[in-house]
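Reminder that position 98 of the sequence shown reads as 98 in my numbering, one-by-one numbering, no gaps.
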Amino acid sequence: MSDALRPMTRPRLYEQVLDRLRHHVAEGDLRAGDRLPPERELAARLGVSRASVKQAIVVLEVQGLVEVRHGGGTYLVRDSLDAEPVEQLVERKRRLPDVLEAREALETKLAELAAERRTADDLTAMRGALDHMAEEIEAGGPGVEGDRLFHAAVTAAAHSGLLAEFMRSIAEQITESRNESLRQPGRPHRSLTQHRAILEAIESQRGKAAATAMRRHVRTVAKVRLLDWNPGDDA
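Printed below as a string of structure tokens:
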């Protein structure tokens, strides 16, 4: 059946607000750390409800583009508001729970096996990954590459070809969940601490403790603003 006559859609009002905010930041040459006008003022200037403005701000917050300080306003995290299209955000929200469920199932077992099978070289790789992550965070970054290296090192340390293949098959989705997690306020430092707990258990060859530490970590990864966001139809 042809898709040409599918129901027509119109941009949600808050999506139009997003577009106006993006232009405002660009035209005003605003930079990271600058404050956006208050919601009440934005609503009045744009001729929309505060609910529409609030929904747009939530979308920007979910994407890590702004920081909302309770009682203190909304501040840019980056030099622009080049937001991901809302439909892509909705699709990512839809598939993220499945990815996190798969990660918990696979990575807890990998951590347990790593504790039983790790070699001196495996431990060196894990320590190096955490040093890299710490350096990234110290430099003001989210620690994405160090995070990737650490989980890759744990997978390698399990010495299970089939489980490693499963991990490779969902690598793109794992990267998506990693980026989503590490953009949460305070999350990079917390993830680094949890990684160190996983490494300690693997290093001391405590399989069950390693699995428990990894499960705790993946469940922390699952606590992201995106999953609490309700796109709605309009505002």
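Yeah, the Cβ is synthetic: ideal placement off N, Cα and C, and Gly gets one too.
All values derive from a computational prediction rather than experimental measurement.
Can you tell which of the options has the C-alpha that lies nearest to the C-alpha of residue i?
i	options	result
Q205	D29, R118, A56, V68	R118
A114	F150, D98, E135, K93	F150
L123	L96, H159, K109, E135	H159
L30	Y75, L42, A83	Y75
R183	F166, E41, M167, L65	L65
L46	E15, E104, A26	E15
L96	A197, V17, A201, Q173	Q173
A152	L42, A139, L130	L130
A105	G72, A164, V90, R92	A164
A17	P85, G72, G73	The sequence shown places Val at residue 17, rather than the Ala named in the question. When each option's Cα is compared against that of V17, the closest is P85.
E138	G186, A125, E116	G186
G73	K93, A156, E41	E41
S181	R148, D121, L36	R148
F166	R103, V58, K208	R103
T212	A43, L110, G71	L110
V59	P37, V48, Q88	Q88
Rounded to whole angstroms, how far is the Cβ of residue i from the Cβ of residue j, which I believe are closer than 8 angstroms?
i	j	result
V53	E39	5 angstroms
R78	A32	5 angstroms
A210	E112	6 angstroms
H253	G141	Shown here, the chain extends from 1 to 235; a query on residue 253 therefore has no answer.
S191	G143	7 angstroms
R215	E61	28 angstroms between Cβ atoms; not a contact.
D82	R22	7 angstroms
V25	S80	6 angstroms
I170	V99	7 angstroms
Span of the beta strand (DSSP E) holding residue i?
i	result
L76	73 to 76
E67	66 to 69
Counting C-beta neighbours from all protein chains within 10 Å, is the total for residue i 16 or more, i.e. buried, or is it exposed?
i	result
Q63	buried
H195	buried
T193	exposed
Q55	buried
P188	buried
N230	exposed
L13	buried
E136	buried
A201	buried
H217	buried
D34	exposed
A157	buried
V90	exposed
A120	exposed
L162	exposed
A125	buried
Could you give the residue range of the alpha helix (DSSP H) that holds residue i?
i	result
R178	171 to 182
T193	187 to 203
V221	207 to 221
T119	Counting along the chain, T119 falls outside any alpha helix (DSSP H), and DSSP gives it neither H nor E.
R225	225 to 228
G146	144 to 158
L42	39 to 46
R31	Premise fails: R31 is in no alpha helix (DSSP H) and is neither H nor E.
R50	50 to 62
Can you find a CB in chain C that lies within less than 9 angstroms of the CB of residue i?
i	result
A125	No chain C is part of this structure, which consists of one protein chain only.
Quick one: any contact between the stretch 163 to 180 and the stretch 221 to 232, if contact means 3 or more CB pairs under 8 angstroms? yes
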